[in-house]
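The sequence shown begins at 423 in the working numbering and counts up by one.
Working notes, beginning with the structure itself.
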Amino acid sequence: MTVSISDKNVVLIGLESVGKSALFRALTGEAVGDETNYRGSTVVVRVAQLLDQSGRLVDTPGIRVKEDSASTRLALQQIDNADTVVLVARGTHAKAEIETLLADIKPDLEQRNTVLVITFEDRASVKLQQLVVDYRQQLGIPVVLVNARSLDPVQRDRVLQAIHQAEPLLSSQPISLLPDVPLVEPQRTPFEHRWLGPWLSLVTMALLFALPVYLAYISDGLQPIGKDVG
């Protein structure tokens, strides 16, 4: 039986908090989509048509590393019904997350069209942009670097085009030979500082309570002046 373009399943696969949900919204225009509950569980997948009507986009739960959770099993099961798999990894941890994903599903991706979308472009090392070309060559699949949280029309069309051009993963390439990317950790706020944080939090809380009292005191002091002027 021939599968029409609009009947094709495009499945998002990635670890937790990599930007899959933001990517789903940008590529479908749907905030929720059709949710499917599996076996009485609270774990769901979301499905909606891609904006260009080229297929159904399936947003799976985030995979949890080294944990055989219901959400992880459900995400991996969706690959069995996928015509195209979109791997999603953070630009701040690109090499580690790509290798983690491929360690479990590389054989499946050698038989299915695959795309790699690297998110957090705005937070990633500048070096990552140079290595996207290397990733394309070594994996043999389209690789797109985006800022999923604010995906502009140009980046959105680039992802959709990559889905159309998806290819099976190269079987001969050891995943351990992927070019390394400098690990980028998010900058900490002063409140997260080991020693300064607790004291700064206390001062902030004190100010929150003291400031209204101080302003009320000033207001009371200014009232006689206002009456004299009047």
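Positions of the beta carbon are idealized from the N, C-alpha and C atoms, including for glycine.
Here the structure is a predicted model, which means the values were calculated and not measured.
| Item | Value |
| --- | --- |
| State the CB to CB distance for the pair residue 532 and residue 620, rounded to an integer number of angstroms; the pair is presumed to be in contact (CB under 8 Å). | Not quite, the Cβ-Cβ distance comes to about 51 Å (not below 8 Å), so this is no contact. |
| Applying the criterion that 16 or more other CB atoms from any shown protein chain within 10 Å of the CB defines a buried residue, is residue 435 buried or exposed? | buried |
| Can you list, in chain order, the residues of its chain whose CB lies under 7 Å from that of residue 443, leaving out five sequence neighbours each side? | 481 |
| In chain order, what residues of the same chain have a beta carbon less than 6 Å from the beta carbon of residue 424, not counting five sequence neighbours either side? | Caution is warranted here: a pLDDT of 44 is assigned to residue 424, below 50, making its placement in the model unreliable, and no coordinate value can be reported. |
| Quick check: what's the CA-CA separation for residue 551 versus residue 631? | 47 Å |
| By how many angstroms is the C-alpha of residue 623 removed from the C-alpha of residue 553? | 41 Å |
| When you compare only the Cα positions, how much space is there between residue 640 and residue 629? | 16 Å |
| Residue 536 lies in the beta strand (DSSP E); which residues open and close that run? | 535-541 |
| Measure the beta-carbon distance from residue 625 to residue 510 and round it to whole angstroms, keeping in mind my assumption that it falls under 8 Å. | About 40 Å separates the two Cβ atoms, so there is no contact after all. |
| Among the residues of its own chain, which have a CB less than 8 Å from the CB of residue 495, if the five just before and after it don't count? | none |
| For residue 553, decide whether its Cβ has a neighbour in chain D, counting only Cβ atoms nearer than 7 Å. | Of the protein chains in this structure there is only one, and it is not chain D. |
| State whether the segment 466-474 contacts the segment 516-523, with contact taken as three or more CB pairs (one from each stretch) at a distance under 8 Å. | no |
| To the nearest angstrom, how far is the alpha carbon of residue 499 from that of residue 526? | 12 Å |
| Exposed or buried, residue 493, counting other C-beta atoms within 10 Å across all chains shown (16 or more means buried)? | buried |
| Give a yes or no on whether the C-beta atoms belonging to residue 514 and residue 545 are separated by under 7 Å. | yes |
| Within the continuous alpha helix (DSSP H) that includes residue 574, where are the two ends? | Per DSSP, residue 574 belongs to no alpha helix (DSSP H) and is neither H nor E. |
| With the cut-off set at 7 Å, would you say residue 541 and residue 570 are in Cβ contact? | yes |
| Over what stretch of residues does the alpha helix (DSSP H) that includes residue 522 continue unbroken? | 516-531 |
| What residues are listed by DSSP as bridge partners for residue 567? | 540 |
| Taking only the alpha-carbon atoms, compute the straight-line gap between residue 537 and residue 466 and give it to the nearest angstrom. | 23 Å |
| Rounded C-beta distance between residue 431 and residue 497? I'm assuming under 8 Å. | With a Cβ gap of about 14 Å, residue 431 and residue 497 do not count as contacting. |
| When you compare each of 507, 584, 557, 429 to residue 529 by their alpha carbons, which one comes out closest? | 507 |
| Report the CB separation of residue 535 from residue 588 in whole angstroms; it is logged as a contact under 8 Å. | 4 Å |
| What does a CB cutoff of less than 7 Å around residue 457 pick up in its chain, not counting 5 residues either side in sequence? | Residue confidence for residue 457 is low, a pLDDT of 46 falling below 50, so the modelled location carries little weight; the figure read from the coordinates is stated next. Correct list, in chain order: 466, 468. |
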